[in-house]
Amino acid sequence: GKEFGTLFGRDYSALVEEYLLDDAETAIIAMGSICGTVKDAIDEMRAEGKKVGLLRIRVFRPFPSQEIAKALAHVKRVAVLDKNISLGAMGGATAIEVRDAMYGSTIPVRGYVLGLGGRDIRKKDIKEIVSLCENGDGDRFYGLRKELI
């Protein structure tokens, strides 16, 4: 990370970035461009009294398993947002890796595949996913018609 930062002016020493995660009961894990929308949705949910935070994965390989397990040790549930699908597996690539990182933990990790085909992801979608996660409903496609899957 340091060599890359020196060459290109970007710092990748932190493999994950936390946003309002210290007292969160529900953690959202996401990567890339969706994180701005997630932060805005979290701000609105916090104003409503919900304890939600974000763990943004900055680098996928090597996967930051130890950092993720440490950051999520105190939460009650995890919602992993994937804008991809891992063919032959149940869910997206990030959710699969996060489950592996949390192996042996009693914290439920629920995956949501959304935004496929360039579909918009809005704050209301993030809020609905948090509600689904809180109610134990996960490991699903979000925003797609079930009869087409």
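Okay, so the sequence shown: first residue is 39 according to my numbering, each after it adds one.
Note that CB positions come from ideal geometry on N, CA and C, so glycine has one too.
Taking a contact to require three or more Cβ pairs closer than 8 angstroms, the region 47-58 and the region 126-140 do not qualify as touching.
Following the DSSP letters along the chain, one finds V168 inside the alpha helix (DSSP H) bounded by residues 161-172. In chain order, I106, A107, L110, V116, V147 place their CB closer than 8 angstroms to the CB of M140, counting only its own chain and leaving out the 5 sequence neighbours on each side. For the 7 angstroms CB-CB criterion, A79 and I167 do not form a contact. Shown here, G91 sits in a strand according to DSSP, grouped into three states.
DSSP places G181 outside both helix and strand once states are collapsed to three, so it counts as coil. Here DSSP, grouped into helix, strand and coil, assigns L154 to helix. Following the DSSP letters along the chain, one finds T144 in no beta strand (DSSP E), marked with neither H nor E. Around the Cβ of E135, a 10 Å sphere holds 16 or more other Cβ atoms; the residue is buried. Excluding residues up to 5 positions away in sequence, V54, M69 lie with their Cβ nearer than 6 angstroms to the Cβ of I95 in the same chain.
Look at E86 here: in three-state DSSP terms it is coil, with no helix or strand label. Distance from the CA of E172 to the CA of Q104, rounded to the nearest whole angstrom, comes to 24 angstroms. Between V151 and D120, the C-beta gap is smaller than 7 angstroms, which places the two residues in contact. Note on A65: 16 or more other CB atoms within 10 angstroms of its CB, so buried under the neighbour-count rule. Here I123 carries a coil assignment [DSSP, helix/strand/coil].
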